[in-house]
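A.B. asks:
Number of protein chains: 4
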Amino acid sequence: MQPIRLGMVGGGNDAFIGAVHRIAARLDAHFDLVAGALSSTPEKSLASGAALGLDPARCYGNFSEMAEREAARPDGIEAVSVVTPNHVHAAAACAFLARGIHVICDKPLTSTMEDAQKLAAAVAEADALFVLTHNYTGYPMIRQARAMVADGALGPIRVVQAEYPQDWLSTPLEKEGLKQAEWRTDPARSGAGGSVGDIGTHAHNLACFVTGLEVEALAADLQSFGPGRVLDDNAHVMLRFAGGARGMLWSSQVAPGNENALRLRVYGEKGGLEWAQEDPNYLWFTPLGEPKRLVTRNGSGAGAAAAAVSRIPPGHPEGYLEGFANLYAGAAGAIRRKQAGEPPVEDDALLPGIDAGMAGMRFISACVRSSQDNAAWVSL
Amino acid sequence: MQPIRLGMVGGGNDAFIGAVHRIAARLDAHFDLVAGALSSTPEKSLASGAALGLDPARCYGNFSEMAEREAARPDGIEAVSVVTPNHVHAAAACAFLARGIHVICDKPLTSTMEDAQKLAAAVAEADALFVLTHNYTGYPMIRQARAMVADGALGPIRVVQAEYPQDWLSTPLEKEGLKQAEWRTDPARSGAGGSVGDIGTHAHNLACFVTGLEVEALAADLQSFGPGRVLDDNAHVMLRFAGGARGMLWSSQVAPGNENALRLRVYGEKGGLEWAQEDPNYLWFTPLGEPKRLVTRNGSGAGAAAAAVSRIPPGHPEGYLEGFANLYAGAAGAIRRKQAGEPPVEDDALLPGIDAGMAGMRFISACVRSSQDNAAWVSL
Amino acid sequence: MQPIRLGMVGGGNDAFIGAVHRIAARLDAHFDLVAGALSSTPEKSLASGAALGLDPARCYGNFSEMAEREAARPDGIEAVSVVTPNHVHAAAACAFLARGIHVICDKPLTSTMEDAQKLAAAVAEADALFVLTHNYTGYPMIRQARAMVADGALGPIRVVQAEYPQDWLSTPLEKEGLKQAEWRTDPARSGAGGSVGDIGTHAHNLACFVTGLEVEALAADLQSFGPGRVLDDNAHVMLRFAGGARGMLWSSQVAPGNENALRLRVYGEKGGLEWAQEDPNYLWFTPLGEPKRLVTRNGSGAGAAAAAVSRIPPGHPEGYLEGFANLYAGAAGAIRRKQAGEPPVEDDALLPGIDAGMAGMRFISACVRSSQDNAAWVSL
Amino acid sequence: MQPIRLGMVGGGNDAFIGAVHRIAARLDAHFDLVAGALSSTPEKSLASGAALGLDPARCYGNFSEMAEREAARPDGIEAVSVVTPNHVHAAAACAFLARGIHVICDKPLTSTMEDAQKLAAAVAEADALFVLTHNYTGYPMIRQARAMVADGALGPIRVVQAEYPQDWLSTPLEKEGLKQAEWRTDPARSGAGGSVGDIGTHAHNLACFVTGLEVEALAADLQSFGPGRVLDDNAHVMLRFAGGARGMLWSSQVAPGNENALRLRVYGEKGGLEWAQEDPNYLWFTPLGEPKRLVTRNGSGAGAAAAAVSRIPPGHPEGYLEGFANLYAGAAGAIRRKQAGEPPVEDDALLPGIDAGMAGMRFISACVRSSQDNAAWVSL
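Chains as they are written, first to last, in our numbering: chain A, 2 to 381; chain B, 2 to 381; chain C, 2 to 381; chain D, 2 to 381.
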């Protein structure tokens with residue numbers, strides 16, 4: 002099976018997330034990176050491309066040029082990864098979608114709701130796929146959890162607890178020249194949400210993905226503890242889901258001792274589930290009135306949903322990159338089906354797309370508006 | 002040292018908490034149970050007293066009789082434990098306080114704010130001590146945590162996460178004849194709070210005890226998932242502390258897989274602390290920029306505050322009863338100092354009393370009012 | 002029910018284990034301490050007794066005097082706790098057994114095999130009970146584990162892994178005046194085993210208690226890492242059980258980071274069990290081909306064997322003192338049945354006695370002999 | 002940087018470990034798989050190659066043909082992965098080494114000591130590198146552990162506890178047609194060691210890798226619990242290291258509930274380390290007299306040795322495949338230096354090679370001989 006020809010926008014030398022996308026694209030041999038507009042200047046883009054072994058002729062100074070010229074090549078890219086800061090997502094994605102090039106885009110969708118709506122329109126019109134890398138949905142035990150909820154193992158859901166604490170912004174790194182900290186605390190590049198946009202959206206997305214429920218309304222209390230920080234670095238949110246379930250969501254970048262402590266707990270009438278991103282190969286299942294069970298990836302009691310996105314036997318841990326790669330693998334399958342004129346399969350629905358992206362944008366927006374209104378309830 | 006003569010109101014044969022108080026009173030040999038009004042009828046009281054080896058002449062049919070007659074005996078009780086359902090606390094406590102008999106009372110303080118105020122007035126007038134068994138404050142590692150916060154090990158506090166989930170009311174046990182479930186879900190006996198009153202107050206109390214902060218305002222979303230249940234069995238609360246810290250509090254009795262999963266996490270500018278009641282001999286300390294440290298009860302790095310309430314070396318776990326007994330031991334010390342005419346010592350301030358009780362009542366009341374007002378902020 | 006009148010030999014002011022025995026005896030109100038030969042000199046014994054509120058007339062200078070005089074009193078002690086260093090156990094126990102006073106004795110049984118045999122003979126002849134405080138057998142989840150093995154939940158046992166590492170002798174504390182370290186590293190007072198005698202016997206006892214199997218032969222490699230230390234402070238042992246199961250046992254006092262990390266793992270044809278003393282309220286049960294289950298004390302899936310020795314609901318941890326108290330409670334029941342002329346009940350067989358003590362002595366002796374013979378197999 | 006052209010011997014469709022090697026080779030884009038003798042028949046080899054997108058002309062029926070023809074191509078493979086059952090390792094590796102093609106070989110080295118010696122001679126003569134995939138040495142926290150021991154953070158090592166339990170052979174799968182089980186329990190294909198060869202060698206290798214110590218002598222008690230099984234499926238080993246440290250090693254394939262529970266604990270005079278393969282991003286460091294510290298991959302307190310083999314920030318777990326890929330990345334570096342005529346760098350010494358392979362063979366052989374001699378000590 003030939004790999005899909007892939008381009009990348011953003012992800013130059015220093016960027017953490019670009020390297021992640023490249024490994025994820027390569028891990029299962031589904032994609033071959035052949036072109037890039039990797040940095041904001043032609044020189045840097047060329048240098049980053051050289052380091053990656055790209056043909057210099059396919060290292061572009063900006064995404065527009067790349068879209069135009071790649072679309073014109075017979076061996077042009079079939080798909081592109083957009084891994085820039087948030088404010089560039091929409092324009093870049095649109096440029097490729099308009100040319101029928103499939104887009105795999107980092108989250109959150111965009112930095113403004115206006116951009117998001119433009120992008121949504123572009124996706125609707127395009128003859129190309131749009132995949133949003135809400136990567137945590139790619140973890141096998143998250144797939145397992147979703148399947149268990151869908152199968153009724155928990156009964157009707159009552160309570161959802163989602164949290165994503167970090168500690169890396171406990172001190173004002175954005176004033177000390179750390180590039181990651183600069184753009185992520187800058188409303189112009191990140192959007193209206195700080196921690197809620199960067200990581201709260203992951204917690205929100207995961208809660209919805211696993212439960213199959215949508216947030217109907219929320220009340221949010223956002224805080225900025227970092228001195229002079231404009232965007233929130235800590236957010237407390239109460240959730241009301243359609244159908245009656247209730248939830249809480251906490252995102253923080255100022256909680257010392259937390260690295261990427263994304264954690265989801267879901268409780269229904271008949272049982273509960275608990276999962277932690279930092280130990281992703283385990284899923285606690287707590288059927289009411291029975292001992293807690295620790296289900297392991299591919300282990301006894303784990304099912305087809307997890308196995309479909311696992312590579313190795315239980316007891317040998319798969320991690321973040323593998324979960325990320327599961328989205329790329331899913332995208333590759335969908336792209337190939339589309340290229341072959343085949344209909345989508347059921348699992349294609351597991352790929353986060355524009356709907357998940359818009360849900361995330363509404364979540365961020367609602368959090369900001371609620372908080373500005375002293376945590377009043379805001380409908381999504 | 003002679004044990005203090007103790008009486009008990011409530012705590013008859015079937016009651017879980019009465020047995021706990023008796024073990025806690027006895028564990029360090031500070032108290033000797035000699036009298037009781039253990040049940041609501043004289044016959045049951047006598048039977049329960051007989052099972053405990055009490056002199057039948059000191060098994061009373063009600064607390065009023067007990068207060069009167071014990072006060073008249075030269076060898077009458079010096080202190081009394083009040084372990085009835087909440088709605089009896091105030092009247093019982095007042096009866097003994099009025100006679101100069103020290104009161105050790107279960108929480109929450111009372112079932113109504115009116116009763117709470119009467120009791121507070123009685124405490125203010127009485128020449129006797131009033132101790133409220135917010136027992137989780139007796140755990141050594143909670144003392145350690147409080148001392149660390151007070152010593153500045155965390156810097157100014159920013160974020161507090163407190164939770165107390167259980168699962169025992171996931172099904173409507175109150176309709177199946179379980180006495181514990183009946184009174185705890187009955188507003189007449191429990192008060193206005195369901196899970197917030199029964200266990201949310203513990204989480205609230207612990208958060209304040211460890212941080213030394215007071216909740217200034219809260220927004221609460223209370224739910225009753227149990228069919229036909231009047232009181233909340235799940236509560237989501239956002240907290241604003243005096244001084245600017247923010248928090249979340251979750252109490253639940255419908256979260257399958259949770260037994261008594263009280264957990265506290267506190268984050269300051271310089272570090273964090275994490276503690277879980279079900280593994281109480283451990284305290285995670287996470288100084289910013291250093292590896293996480295696991296401090297054990299009486300182990301390396303644990304200090305005087307924990308050692309003062311520990312009985313055995315590290316690695317041999319102490320549990321719930323020992324923590325409970327630490328309140329009794331603290332009460333015994335305070336009582337003896339008072340009897341000897343000695344001034345209180347600094348550690349006497351660690352004993353929860355009427356102030357903690359009133360704070361709990363305000364917390365319950367605020368949660369209920371906020372929730373009735375669609376989770377609007379309510380000042381405490 | 003009247004408490005049983007109890008005396009104590011050893012356990013003066015500084016001794017850790019004496020205080021433990023006193024709390025354990027008192028916790029369930031089964032015993033009342035009324036006499037003692039608490040220290041090796043009359044003065045110290047009197048001072049220690051005074052601190053405990055004992056009648057000075059019943060604070061004796063040595064155990065012989067105590068045995069004689071208490072036996073002569075109409076209100077004399079009915080039982081005695083022997084909590085001295087090991088080399089005194091035999092003589093003290095014999096003095097009381099000979100007078101029909103029940104003996105609760107700390108482990109290991111004695112410091113020499115010769116003494117052990119004398120004691121065994123005395124127990125055989127005596128009209129009194131002899132209970133050895135292999136206290137870890139009192140933990141509810143150990144009782145649960147034993148019941149599960151007996152019920153066949155694991156199938157025939159294949160492999161047993163037992164270990165008890167500590168770190169407190171990593172440095173030569175015995176040369177720095179620490180009394181505990183002095184006698185425990187002194188062959189004259191401890192016997193031929195260092196770590197194997199002090200804690201290896203616990204691991205051995207627990208392995209046998211849970212599996213119901215006996216060690217048939219062992220090969221041991223004992224080491225003394227502490228400079229100038231005569232007795233072993235680290236021991237590696239391979240075990241062959243009657244019936245074909247195999248095992249390993251590790252005891253150490255020089256493993257930094259380990260407090261009292263006693264741990265037992267048992268594997269049969271159909272499943273496994275894992276238990277750790279420092280988190281004693283949990284038992285992992287791993288049925289082959291199913292997810293691991295975490296059984297909690299008194300929680301869902303825990304059975305009658307654990308409930309029989311539990312005091313409080315699941316999720317509220319019980320610890321070391323409660324486990325210890327379970328042996329005292331068991332002893333109290335057996336003593337009362339004997340006093341009442343009633344036959345023993347089935348659970349009396351759970352109390353470690355002279356047989357467990359002799360098995361421990363044979364274990365120590367075999368370890369020492371095997372190690373002297375370069376870890377050759379030695380039959381027990 | 003151009004990827005290195007890679008061939009593969011073994012690793013056809015069903016083989017677990019072949020897929021692992023391919024992902025590991027690809028993950029960091031250091032290798033490009035271009036040829037294979039993937040199965041034992043030309044047809045299967047061709048089919049497996051087709052599934053991987055290999056040029057049919059480079060899918061060979063056996064390794065001899067592949068070595069000969071690839072060596073003759075100007076674009077022939079530069080390196081080969083040997084991932085067959087053990088008895089094929091030596092002949093295959095020799096065929097490529099003789100032609101100057103670098104070999105990356107699965108462990109254990111060979112199935113017989115005779116083969117091992119031939120291979121060692123071939124390596125000594127060859128102008129090509131030989132890397133043995135003792136893959137667990139590639140985990141970042143194992144590198145961290147090794148560096149800490151080397152830096153003296155633990156002081157002189159006293160005690161080593163290594164174990165690798167699994168449960169997959171608890172039932173006689175080899176009689177039920179499972180190919181993996183068949184060859185791994187067959188002496189003709191696996192060699193003299195069962196669990197000791199398959200996984201015990203990993204535990205042994207890791208213990209030596211981290212401590213820098215060599216096993217001087219061992220005493221082993223091997224068992225075969227599976228009915229009719231010839232090779233050991235459970236092994237208990239006592240270790241004596243050069244320099245005086247002592248250890249225990251346990252390997253098992255019949256311990257229900259254990260998937261790949263490789264675990265290493267190392268204790269020195271000044272501190273200890275604990276690591277578990279199933280949670281590989283954590284390393285416990287226990288300096289004597291201080292609280293335990295949990296060091297995370299790339300987190301606070303982790304050092305250069307771990308960072309050198311990490312791809313992503315702390316809190317995002319890397320797993321088994323990433324660790325495996327670290328050996329491939331290390332091999333790629335060494336191969337490129339050799340191709341460029343550059344001298345080896347210090348980190349090349351971290352790559353397990355023929356010495357580690359011979360040490361493993363001696364370990365297996367010593368275990369088998371010791372066990373045959375009733376667990377007598379055998380020098381390595």
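Where a beta carbon is used, it is the ideal one built from N, C-alpha and C, also for glycine. Nothing here was measured: the structure is a model prediction, and the numbers come from that model.
Taking the alpha-carbon of valine 211 of chain B as reference, which of B/Val132, B/Pro141 and B/Arg312 has the nearest alpha-carbon?
C.D. replies: Of the listed residues, the one whose Cα sits closest to valine 211 of chain B is B/Pro141.
A.B. asks: Using a 10 Å radius around the Cβ and a threshold of 16 neighbouring Cβ atoms, would you call proline 318 of chain D buried or exposed?
C.D. replies: Classification for proline 318 of chain D: buried.
A.B. asks: The beta strand (DSSP E) spanning methionine 239 of chain D covers which residue range?
C.D. replies: Note, methionine 239 of chain D: beta strand (DSSP E), 235-242.
A.B. asks: Residues in the region 289-316 of chain B with C-beta within 8 Å of chain C's C-beta atoms, listed in sequence order?
C.D. replies: Residues passing the 8 Å Cβ filter: Thr297, Gly300, Arg312, Ile313, Pro314, Pro315 and Gly316.
A.B. asks: Chain A partners of methionine 142 of chain B, CB-CB under 9 Å?
C.D. replies: Per Cβ cutoff of 9 Å: no residues; methionine 142 of chain B is ~16 Å from chain A at best.
A.B. asks: Could you check where the alpha helix (DSSP H) with aspartate 356 of chain C kicks off and where it finishes?
C.D. replies: Run containing aspartate 356 of chain C: 355-373, per the alpha helix (DSSP H) assignment.
A.B. asks: Against chain B, with Cβ distances strictly below 8 Å, would isoleucine 24 of chain C count as a contact?
C.D. replies: By this cut-off, isoleucine 24 of chain C is an interface position.
A.B. asks: I want to verify the contact list: residues of chain B whose CB lies under 9 Å from the CB of valine 160 of chain A, in sequence order.
C.D. replies: Pro166, Gln224, Phe226, Asn235, His237, Trp251, Ser253, Val255 and Ala256, listed in chain order.
A.B. asks: Where do the N-terminal and C-terminal ends of the alpha helix (DSSP H) with isoleucine 18 of chain A fall, by residue?
C.D. replies: Per DSSP, isoleucine 18 of chain A belongs to the alpha helix (DSSP H) from 17-28.
A.B. asks: Three or more beta-carbon pairs under 8 Å between the region 160-176 of chain D and the region 253-267 of chain D, yes or no?
C.D. replies: Because the criterion of three Cβ pairs below 8 Å is met, the region 160-176 of chain D and the region 253-267 of chain D touch.
A.B. asks: Quick check: the region 175-182 of chain B against the region 193-211 of chain B, are there 3 or more CB pairs under 8 Å?
C.D. replies: They do not touch, by the three-pair rule.
A.B. asks: What are the residues in the region 261-283 of chain A lying within 9 Å of chain B by C-beta distance?
C.D. replies: Residues passing the 9 Å Cβ filter: Arg266, Tyr268, Gly269, Glu270, Lys271, Gly272, Gly273, Leu274 and Glu275.
A.B. asks: Smallest Cα separation from alanine 354 of chain C: which of C/Ser371, C/Ala332 and C/Gly227?
C.D. replies: According to the sequence provided, residue 354 of chain C is glycine. The question's alanine does not apply to it. Measuring from the Cα of glycine 354 of chain C, the nearest candidate turns out to be C/Ala332.
A.B. asks: Shorter than 8 Å from the beta carbon of glutamine 3 of chain D to some beta carbon of chain A?
C.D. replies: At least one chain A Cβ lies under 8 Å of glutamine 3 of chain D.
A.B. asks: Who are tryptophan 169 of chain B's beta bridge partners in DSSP?
C.D. replies: Bridge partners of tryptophan 169 of chain B: none, in fact.
A.B. asks: Three-state secondary structure (DSSP) at serine 225 of chain B?
C.D. replies: Serine 225 of chain B falls in the coil class under three-state DSSP.
A.B. asks: When the distance is taken between beta carbons, is aspartate 33 of chain C closer than 8 Å to proline 75 of chain C?
C.D. replies: Not in contact: proline 75 of chain C and aspartate 33 of chain C (Cβ atoms no closer than 8 Å).
A.B. asks: State the beta-bridge partners of proline 288 of chain A as determined by DSSP.
C.D. replies: Paired residue(s): A/Gly272.
A.B. asks: Note down the Cα distance separating alanine 91 of chain A from lysine 45 of chain A, rounded to an integer number of angstroms.
C.D. replies: If I take the Cα positions, the gap works out to 22 Å.
A.B. asks: Name the chain D residues that come within less than 9 Å of leucine 28 of chain A, Cβ to Cβ?
C.D. replies: Going along chain D in sequence order, the residues near leucine 28 of chain A (Cβ under 9 Å) are Ile24, Arg27, Leu28 and Leu322.
A.B. asks: Can you tell me the Cα-Cα spacing of tyrosine 137 of chain C and glycine 198 of chain C, whole angstroms?
C.D. replies: Approximately 15 Å between the Cα atoms of the pair.
A.B. asks: Got a sec: is the Cβ-Cβ distance from glutamate 319 of chain C to anything in chain B below 8 Å?
C.D. replies: Taking Cβ atoms only, chain B reaches closer than 8 Å to glutamate 319 of chain C, which makes this a yes.
A.B. asks: Just the chain D side, please: which residues come within less than 7 Å of serine 196 of chain C by C-beta, in chain order?
C.D. replies: Neighbours of serine 196 of chain C on chain D: none; closest Cβ ~11 Å, over 7 Å.
A.B. asks: Would you check if there are 3 or more beta carbon pairs closer than 8 Å linking the region 315-329 of chain A to the region 23-32 of chain A?
C.D. replies: Result yes; three or more Cβ-Cβ pairs closer than 8 Å.
A.B. asks: By Cβ distance, which residues of its chain are closer than 7 Å to lysine 293 of chain D, with the 5 residues on each side in sequence left out?
C.D. replies: Hits under 7 Å: Trp285 and Thr287.
A.B. asks: Does DSSP classify lysine 108 of chain B as helix, strand or coil?
C.D. replies: If DSSP states are grouped into helix, strand and coil, lysine 108 of chain B belongs with coil.
A.B. asks: So who's on the other strand from glutamate 9 of chain B, going by DSSP bridges?
C.D. replies: According to the sequence displayed, residue 9 of chain B carries methionine and not glutamate. According to DSSP, methionine 9 of chain B bridges with B/Gly37 and B/Ser82.
A.B. asks: Here's the rule: buried if 16 or more other CB atoms are within 10 angstroms of the residue's CB, otherwise exposed. What is glutamine 340 of chain D?
C.D. replies: Looking at its Cβ environment, which holds fewer than 16 other Cβ atoms inside 10 Å, glutamine 340 of chain D is exposed.
A.B. asks: Give a yes or no on whether the C-beta atoms belonging to glycine 300 of chain B and glutamine 145 of chain B are separated by under 8 Å.
C.D. replies: No; because the gap between Cβ atoms is not below 8 Å, this pair is not in contact.
A.B. asks: Given that a residue counts as buried once 16 or more other Cβ atoms are within 10 Å of its Cβ, and exposed if not, what is proline 281 of chain B?
C.D. replies: Classification for proline 281 of chain B: buried.
A.B. asks: Based on Cα-Cα distance, which residue from B/Met239, B/Thr42 and B/His88 lies nearest to alanine 376 of chain A?
C.D. replies: Cα-wise, what sits closest to alanine 376 of chain A is B/Met239.
A.B. asks: In whole angstroms, what separates the C-alpha of glycine 50 of chain A from that of leucine 39 of chain A?
C.D. replies: Roughly 7 Å between the two C-alpha positions.
A.B. asks: Could you tell me whether the region 216-228 of chain B touches the region 235-253 of chain A, using the rule of 3 or more Cβ pairs below 8 Å?
C.D. replies: Enough Cβ pairs lie closer than 8 Å, so yes.
A.B. asks: Determine, for valine 21 of chain A, whether the minimum Cβ-Cβ distance to residues of chain D falls below 8 Å.
C.D. replies: It does; some Cβ of chain D falls within 8 Å.
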